[in-house]
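Same order as they appear, the protein sequences are chains B and F. According to the working numbering, the first sequence is numbered sequentially starting from 1. According to the working numbering, the second sequence is numbered sequentially starting from 1001. Glycine is no exception: its CB is placed at the ideal position from the N, C-alpha and C atoms. Predicted model, so just to flag it, every value in this text is computed and none were measured. Only one structure is covered here, and it is reproduced in the block below.
Number of protein chains: 2
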Amino acid sequence: MEKKSEYRRFSEEEYETLSQVLQHRRDVRGNRFSKEKIPEEQVQKILQAAIWAPSVGFSQPWEFVLVTDSVVRREIHDSFEEENEKAAALFHEERNDLYQQLKLEGILESPLNVAVFYRPSEKPVLGQTTMEEMGKYSVVCAIQNMWLAARALNIGMGWVSILDPKKVKSILDVPQDRELIGYMCLGYVDYFLPEPELLRLNWEKRKQLESLIHREKYGC
Amino acid sequence: MEKKSEYRRFSEEEYETLSQVLQHRRDVRGNRFSKEKIPEEQVQKILQAAIWAPSVGFSQPWEFVLVTDSVVRREIHDSFEEENEKAAALFHEERNDLYQQLKLEGILESPLNVAVFYRPSEKPVLGQTTMEEMGKYSVVCAIQNMWLAARALNIGMGWVSILDPKKVKSILDVPQDRELIGYMCLGYVDYFLPEPELLRLNWEKRKQLESLIHREKYGC
């Protein structure tokens, strides 16, 4: 029999530390990154945090491609530029002006890029039999863990989603069946903004928690 | 001008606290939950953690339905049973025996269920124009934040994915355009297992970090 009283209990102070990390995590772009190399030990801590994430049926369906080579990053950046041009056209008038001014990635400015892939299983996965997307969601949990670990190490991370996943896979020689979940840029920063940049620029307003909560049934 | 030196720096000890929360987080099922009600203040802390998550284009596309009513939870549980019967049939021989013995949810045993939905935007979302799934991934980040905050408050959470999302939406009167991302069970526990149950039972082996990392290109 296990001694059931012996599990790890966290103190209020420890909860408060977690809460601070959650609040101070930011999406970091190329106007903030320094070129300073991240020591390998810190990179390992961030990747270790990733694989502590929950995964459906303990399938651990994640794979990581670490990119520092500037030729490879230039190719990835070309895909960003192509997709971003199409994206900008979707925003009109004053939103278009603002969109064009935003720095939305740090592919070349950050010292480390990490492409995170979902590797589908060939056999049925426990918990994934009804909701097929659960495997991909496990990989997203791993990315969020990376983000928090990086922040607690005072390292910034940004998620670049304006990329053609097919091109990224082709550039990185990734097998066809894998799926790009996130393309991350990591590095030390000159500053972490106190609040999200898109909030500061009034691109979107902050939603109030109470407006997002329903009780027992939707609309209640 | 902002004083750029004033951002929040975390200490090694604070990183270590985060690391402990990441490592001690568990997927909790009905064989561990106590019926003890979670104080509203703690529920608010967990939901607040959710909305500190990153969201693509600061779209905050999350909605939460809190369920305590036992009639409603019974209906949700019926969907679990139906889907789980189909799921069990996919596992054969000794894996089927083990599958049948596993407790995979805590819908009725936990004092609080939280259904988490993605609400699509009617207008283009910055960062979501190429990878449409980014909005759903933002909601997954929110769920991972909830999980960590709950654990740091010594509250267990489990993710039930063996459910028919259409039935869940219908039971909770959720508008058609929303998408169920996760159905969570929360409560105090008698114990947090020191490692994932599916690892202990040898359902899956733990993958080694180094085997999941590629450098510059896949396969390297």
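Asked                                                                                                                   : Found
Every unbroken alpha helix (DSSP H) inside the region 70 to 138 of chain B [4 residues or more]                         : 70 to 88, 93 to 101
Residue of B/D97, B/L126, B/S161 minimising C-alpha distance to B/V114                                                  : B/S161
Bounding residues of the beta strand (DSSP E) (the contiguous stretch that carries F/L1022)                             : Per DSSP, F/L1022 belongs to no beta strand (DSSP E); it is in the alpha helix (DSSP H), 1012 to 1024.
Beta-carbon proximity list for F/G1106, same chain, < 6 Å, skipping 5 on both sides                                     : R1029, G1030, F1033, G1158, C1185
Under 7 Å between C-beta atoms of F/M1196 and B/F58                                                                     : The sequence shown places Pro at residue 1196 of chain F, rather than the Met named in the question. Contact: yes.
For F/V1189: DSSP bridge partner residues                                                                               : F/F1033
Cβ pair F/I1038, F/M1146 closer than 7 Å                                                                                : no
Cβ separation of B/P111 and B/K35, assumed to be a contact under 8 Å, to the nearest whole Å                            : 6 Å
Extent of the continuous beta strand (DSSP E) run through B/I46                                                         : It is not in any beta strand (DSSP E) - B/I46 instead sits in the alpha helix (DSSP H) that spans 40 to 51.
Which residues DSSP lists as bridging F/I1213, in chain order                                                           : B/F64
From F/E1006, F/T1130, F/G1187, residue whose alpha carbon lies closest to that of F/L1153                              : F/G1187
Reduced DSSP category for F/W1147 - H, G, I as helix; E, B as strand; rest coil                                         : helix
Same chain only: Cβ atoms within 7 Å of F/V1125, ignoring 5 sequence neighbours per side                                : V1056, G1057, S1059, G1135
Straight-line Cα distance separating F/V1189 from F/L1148                                                               : 15 Å
Of the listed residues F/I1181, F/I1155, F/S1011, nearest to F/P1165 (C-alpha basis)                                    : F/I1181
F/Q1042 at chain B interface by Cβ criterion, 7 Å                                                                       : no
Short Cβ contact (7 Å threshold) for F/W1052 with B/L212                                                                : no
Beta-carbon proximity list for F/Y1007, same chain, < 7 Å, skipping 5 on both sides                                     : none
Separation of B/T68 from B/F80, as counted between CA atoms                                                             : 17 Å
Coarse secondary structure for F/V1195, derived from DSSP in three states                                               : Checking the sequence, you will find Glu at residue 1195 of chain F rather than Val. Here F/E1195 sits in coil by DSSP.
Of the residues B/R25, B/I171, B/L108, B/D27, the one placed nearest F/Y1218, counting alpha carbons only               : B/I171
Closer than 7 Å to chain B by CB, F/A1152                                                                               : yes
Whole-angstrom C-beta distance between F/T1017 and B/K86, which should lie under 8 Å                                    : Wrong, their Cβ atoms sit about 43 Å apart, outside the cutoff.
CB of F/R1119 within 7 Å of CB of F/R1178, strictly                                                                     : yes
7 Å Cβ cutoff, F/E1210 in contact with chain B                                                                          : no
Neighbourhood of B/R151 by C-beta distance below 7 Å, restricted to the same chain and skipping five residues each side : V21, H24, R25
Positions along the region 1198 to 1209 of chain F whose CB lies within less than 8 Å of some CB in chain B             : L1198, L1199, W1203, E1204, R1206, K1207, L1209
Residues of the region 167 to 200 of chain B with Cβ closer than 9 Å to any Cβ of chain F, in chain order               : K169, I171, L172, D173, V174, P175, R178, L180, I181, G182, V189, D190, Y191, F192, L193, P194, P196, E197, L198, L199
Separation of B/R95 from B/E204, as counted between CA atoms                                                            : 11 Å
B/K103 versus F/Y1137 - alpha carbon distance                                                                           : 21 Å
Between the CA atoms of B/C141 and B/G127 - distance to the nearest angstrom                                            : 16 Å
Rounded separation between F/Q1044 and F/A1050 - CA only                                                                : 10 Å
7 Å Cβ cutoff, B/G106 in contact with chain F                                                                           : no
Element boundaries [beta strand (DSSP E), containing B/V56]                                                             : It is not in any beta strand (DSSP E) - B/V56 carries neither H nor E in the DSSP assignment.
Buried or exposed (CB count within 10 angstroms, at least 16 for buried), B/M1                                          : At B/M1, the pLDDT of 44 sits below 50, so the modelled position is not reliable and the matter cannot be decided from this model.
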